[in-house]
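Those protein sequences? They're chains U and Z, same order as listed.
Using numbering that gives the first Met the number 0, the first residue of the first sequence is number 0, and each one after it goes up by one.
Using numbering that gives the first Met the number 0, the first residue of the second sequence is number 0, and each one after it goes up by one.
Glycine included, each C-beta is placed from N, C-alpha and C at the ideal position.
There are 2 protein chains.
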Amino acid sequence: MKRPTIADVARRAGVSKGAVSYALNGQPGVSESTRARILAIAEEIGWRPNSAARALNGARSHTVGLAMCRPARTLGVEPFFMELISGIEGELSARSYALMLQVVSDHRQEVAVYRRWWGEGRVDGAILVDLRVGDPRIPEFESLGLPAVVIGHPSETGSLLPVWSDDGGAVHEAVEYLVALGHRRIARVAGLPRLAHTVLRDRAFAEACDGVAEQVTVHTDYTGEEGARATRRLLSSPSRPTAIVYDNDIMAVAGLSAAQDLRLEVPRDLSIVAWDDSPLSRIVRPPLTALSRDISAYGAHAARHLLALVAGESPRPYEDEAARLTPRGSTAPPPGRVR
Amino acid sequence: MKRPTIADVARRAGVSKGAVSYALNGQPGVSESTRARILAIAEEIGWRPNSAARALNGARSHTVGLAMCRPARTLGVEPFFMELISGIEGELSARSYALMLQVVSDHRQEVAVYRRWWGEGRVDGAILVDLRVGDPRIPEFESLGLPAVVIGHPSETGSLLPVWSDDGGAVHEAVEYLVALGHRRIARVAGLPRLAHTVLRDRAFAEACDGVAEQVTVHTDYTGEEGARATRRLLSSPSRPTAIVYDNDIMAVAGLSAAQDLRLEVPRDLSIVAWDDSPLSRIVRPPLTALSRDISAYGAHAARHLLALVAGESPRPYEDEAARLTPRGSTAPPPGRVR
DNA sequence: ATAGGCGACTAGACCGGTTCAGCTAAAATC
DNA sequence: GATTTTAGCTGAACCGGTCTAGTCGCCTAT
Numbered sequence: 000m001k002r003p004t005i006a007d008v009a010r011r012a013g014v015s016k017g018a019v020s021y022a023l024n025g026q027p028g029v030s031e032s033t034r035a036r037i038l039a040i041a042e043e044i045g046w047r048p049n050s051a052a053r054a055l056n057g058a059r060s061h062t063v064g065l066a067m068c069r070p071a072r073t074l075g076v077e078p079f080f081m082e083l084i085s086g087i088e089g090e091l092s093a094r095s096y097a098l099m100l101q102v103v104s105d106h107r108q109e110v111a112v113y114r115r116w117w118g119e120g121r122v123d124g125a126i127l128v129d130l131r132v133g134d135p136r137i138p139e140f141e142s143l144g145l146p147a148v149v150i151g152h153p154s155e156t157g158s159l160l161p162v163w164s165d166d167g168g169a170v171h172e173a174v175e176y177l178v179a180l181g182h183r184r185i186a187r188v189a190g191l192p193r194l195a196h197t198v199l200r201d202r203a204f205a206e207a208c209d210g211v212a213e214q215v216t217v218h219t220d221y222t223g224e225e226g227a228r229a230t231r232r233l234l235s236s237p238s239r240p241t242a243i244v245y246d247n248d249i250m251a252v253a254g255l256s257a258a259q260d261l262r263l264e265v266p267r268d269l270s271i272v273a274w275d276d277s278p279l280s281r282i283v284r285p286p287l288t289a290l291s292r293d294i295s296a297y298g299a300h301a302a303r304h305l306l307a308l309v310a311g312e313s314p315r316p317y318e319d320e321a322a323r324l325t326p327r328g329s330t331a332p333p334p335g336r337v338r
Numbered sequence: 000m001k002r003p004t005i006a007d008v009a010r011r012a013g014v015s016k017g018a019v020s021y022a023l024n025g026q027p028g029v030s031e032s033t034r035a036r037i038l039a040i041a042e043e044i045g046w047r048p049n050s051a052a053r054a055l056n057g058a059r060s061h062t063v064g065l066a067m068c069r070p071a072r073t074l075g076v077e078p079f080f081m082e083l084i085s086g087i088e089g090e091l092s093a094r095s096y097a098l099m100l101q102v103v104s105d106h107r108q109e110v111a112v113y114r115r116w117w118g119e120g121r122v123d124g125a126i127l128v129d130l131r132v133g134d135p136r137i138p139e140f141e142s143l144g145l146p147a148v149v150i151g152h153p154s155e156t157g158s159l160l161p162v163w164s165d166d167g168g169a170v171h172e173a174v175e176y177l178v179a180l181g182h183r184r185i186a187r188v189a190g191l192p193r194l195a196h197t198v199l200r201d202r203a204f205a206e207a208c209d210g211v212a213e214q215v216t217v218h219t220d221y222t223g224e225e226g227a228r229a230t231r232r233l234l235s236s237p238s239r240p241t242a243i244v245y246d247n248d249i250m251a252v253a254g255l256s257a258a259q260d261l262r263l264e265v266p267r268d269l270s271i272v273a274w275d276d277s278p279l280s281r282i283v284r285p286p287l288t289a290l291s292r293d294i295s296a297y298g299a300h301a302a303r304h305l306l307a308l309v310a311g312e313s314p315r316p317y318e319d320e321a322a323r324l325t326p327r328g329s330t331a332p333p334p335g336r337v338r
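This is the structure in structure tokens:
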């Protein structure tokens, strides 16, 4: 028992394939009574449009692609990505778009995957994440012609459509808050140094601390393990920082534990600020002061802009809200400072 | 400048479309010299097969579908899903299959999505997750004819192919361990009561405790918030348990914090066992004793079985390894018990 | 010398839709 | 009443592949 085709509907209705097509797509060309009859028959025999046949006529595939170049292991733990994806998904499914997902192991493969998807007509657009400095994907995409939104700062996105948030401002907000509390030695446990936003945060952090606090930045790979190791190294240095800003919440939680292992009490002996605010930050003790932003909404904005692009519009670059500092229990004036 | 088609290649090579098709698909019917020439030309003008045209001839779409019925919010935090997905992904991308992902808000929509994907020829198979007791999706899928693997116990999967792990055994292992430590009042903070594996765990937990320990089970929605609330309720009851088993690690971490808020020390005053062992369990203090399993491999097995099913084979139901107890710092003999 | 076999290739149907150029009959217009 | 318009529909081309049924030339066997 095969799937019913439009020809089956046409035969049962006693009309031509063309008439059925008009009726099913709400186009003029058939009377209302015929349309209703055709719709009823289509419904009755369970007809569904074959997306392949539609795509063959140059129609959209109603799918957008997301290839991520991340080791599978870190993906599972990183709340950021899952929230981003669910945000993208929310926007897409509202418009009956599906998301084609593939995890690859290096950037060359990533481009190859997009090239294949686009070449094969499987996707209408793509979302680029993890923008790097001088990212080679940008020129590739520009020549490919595949509509794409890049999650990253406009300075690195070439002619592709950027959707970004002001990480620099958020860094300033965090540093100013710590300085106001009295901190004068602030460390930052950063993410992968090749990522564009890491560089932006690096620069902003150095700027923000300039003249008001000593600063040191340690780069990691975003995992809890490395976050803990970086924390131990920072805390056992002779000029131990009194506050640490982490580039994600996984590392902040790991850092918190590492500090507690070293018999330091948070926030009495050490203040901690986490970047990104998954439920994790609220679960631990003390709850973490965090730079929170609505990642889900971020993803939704990216998806919306991509769909606009696919529809042939020319959406403007979109700057999402910057992360806002949400003070919780992990920050306090540094030790030795009496108020 | 349009995409080159097989006709373009044929024209340049001075042969027919058919010959090109044979050459490009490695089928006999063309000489090796002609094949090489055709391949070179295809490469030169950047020809890619149009997946829609292929699909139209009844070919596979090389895509499998996964529709998840979860509120977007919990998705982001639940490491289980992301690890499962990356495991599935790993297996799929090794065979150049893509994953079609959609998050929906209720089960009726989920079935509708699968029905659409299948009807439209967009997917070759599907993976069902979050199996419930008497799950209505099973009969739907059976009548649909869409090849599907169900992640869940065979008792509930009807004629669909089950991939599962022995949750009951793991529960027994955890309880026996706690009992051996001396615990006689054990609580369990369980997940959603309608999920099939929750019911299995419920039953196994009751069985395991029968005659050796008092037991109580509280159902939640898997979120940290509810985990913390359940913990507070349990710990403030007159017959406070000395050990709690949590159905996921998010709740275990939240429960740990809740206990610490109540001035209980873990593991001195309370032992905690987490189900599933994301890096989270190792990050917190004390590190959590966990029922660990390789979720990524679990997803990979499911994907492999689905691909076998799609290929027309008849794979056997697959029981993955049960979770193994990994003792860490969150479990100890109960208070008042001197050894 | 002729039939048979085989390798290499072609022509064209086909998949299931969309779309466009007609065609017909009824309605509108003069 | 003749002509034009228009709604409603048909038939067929088309999208880009796959695949079957041939065609053609050449080699071999009888």
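Cβ-based neighbour list, residue i, same chain, cut-off 8 angstroms, excluding 5 preceding and 5 following
| i | result |
| --- | --- |
| threonine 33/U | Ala12, Val14, Ala18 and Ala22 |
| leucine 159/U | Leu127, Ile137, Phe140, Glu141, Ala147, Val148 and Val149 |
| asparagine 49/U | Arg2 and Thr4 |
| tyrosine 245/Z | Arg187, Val188, Gly226, Ala251, Gly254, Ile271, Val272, Ala273 and Trp274 |
| serine 60/Z | Ser50, Ala54, Gly120, Arg121, Val122 and Asp123 |
| isoleucine 84/U | Leu65, Leu98, Leu100 and Gly298 |
Distance, residue j Cα to residue i Cα
| i | j | result |
| --- | --- | --- |
| histidine 218/Z | aspartate 248/Z | 15 angstroms |
| proline 326/Z | proline 332/U | 38 angstroms |
| valine 149/Z | alanine 58/U | 33 angstroms |
| glycine 124/Z | valine 170/Z | 32 angstroms |
| glutamate 312/Z | serine 95/Z | 19 angstroms |
| glycine 181/U | methionine 81/Z | 40 angstroms |
| aspartate 220/Z | threonine 230/Z | 13 angstroms |
| glutamate 224/Z | leucine 191/Z | 14 angstroms |
| leucine 194/U | isoleucine 243/Z | 41 angstroms |
| glycine 64/U | leucine 98/U | 6 angstroms |
| aspartate 276/U | serine 291/U | 5 angstroms |
| alanine 6/U | aspartate 129/Z | 38 angstroms |
| glycine 133/Z | threonine 197/Z | 13 angstroms |
| aspartate 268/U | glutamate 175/U | 19 angstroms |
| serine 154/Z | valine 103/Z | 26 angstroms |
| valine 112/Z | alanine 321/Z | 32 angstroms |
| threonine 62/U | leucine 306/U | 10 angstroms |
| alanine 173/U | proline 78/U | 21 angstroms |
Proximal residues to residue i (C-beta, below 7 angstroms), its chain only, five neighbours per side dropped
| i | result |
| --- | --- |
| glycine 86/U | Ile294, Ser295, Ala296, Tyr297, Gly298 and Ala299 |
| tryptophan 117/Z | Leu143 and Leu145 |
| lysine 16/U | Ile5, Ala6 and Ala9 |
First through last residue of the alpha helix (DSSP H) which encompasses residue i
| i | result |
| --- | --- |
| glutamate 412/Z | The requested residue 412/Z is not part of the displayed model; chain Z covers only 0 to 338. |
| leucine 306/Z | 294-309 |
| glutamate 318/Z | Note, glutamate 318/Z: premise wrong, no alpha helix (DSSP H); beta strand (DSSP E) at 317-319. |
| leucine 263/U | Where leucine 263/U is concerned, there is no enclosing alpha helix (DSSP H), given that its DSSP letter is neither H nor E. |
| threonine 325/U | Counting along the chain, threonine 325/U falls outside any alpha helix (DSSP H), though it belongs to the beta strand (DSSP E) covering 323-325. |
| alanine 331/U | Per DSSP, alanine 331/U belongs to no alpha helix (DSSP H) and is neither H nor E. |
Sequence-distant residues of the same chain with beta carbon closer than 6 angstroms to residue i, five excluded per side
| i | result |
| --- | --- |
| serine 329/Z | Val265, Pro266, Ile271, Pro285, Leu287 and Thr288 |
| alanine 301/Z | Ile126, Val148, Ile150 and Val162 |
| arginine 303/Z | Glu90 |
| glutamate 213/U | Arg184 |
Heavy atom of the ligand ADP within 6 angstroms of residue i beta-carbon
| i | result |
| --- | --- |
| valine 162/Z | Absence of the ligand ADP is noted for the structure shown, with no ligands found whatsoever. |
Endpoints, beta strand (DSSP E) assigned at residue i
| i | result |
| --- | --- |
| arginine 183/Z | No beta strand (DSSP E) contains arginine 183/Z, which DSSP labels as neither H nor E. |
| arginine 136/U | No beta strand (DSSP E) contains arginine 136/U, which is instead part of the alpha helix (DSSP H) from 136-143. |
| valine 372/U | Since the first residue shown for chain U is 0 and the last is 338, residue 372/U is missing from the structure and cannot be characterised. |
| glycine 118/Z | No beta strand (DSSP E) contains glycine 118/Z, which is instead part of the alpha helix (DSSP H) from 106-118. |
| serine 291/U | 288-291 |
| valine 102/U | 97-103 |
For this session: Could you tell me whether the region 280-288 of chain U touches the region 153-164 of chain U, where touching means 3 or more Cβ pairs closer than 8 angstroms?
Result: no
For this session: Check whether the region 60-68 of chain U touches the region 108-125 of chain U, counting contact only when three or more Cβ pairs, one atom from each stretch, lie closer than 8 angstroms.
Result: yes
Problem set entry | Given 8 angstroms, three or more beta-carbon pairs between the region 202-214 of chain Z and the region 252-260 of chain Z | The region 202-214 of chain Z vs the region 252-260 of chain Z: no contact.
Exercise. Which parts of the region 212-256 of chain U are runs of the alpha helix (DSSP H), unbroken and 4 residues or longer, counting only runs that do not cross its ends?
Worked result: 223-234
Problem set entry | Those runs of the alpha helix (DSSP H) which lie wholly inside the region 6-81 of chain U and span at least 4 residues | 16-23, 31-43, 50-55 and 71-76
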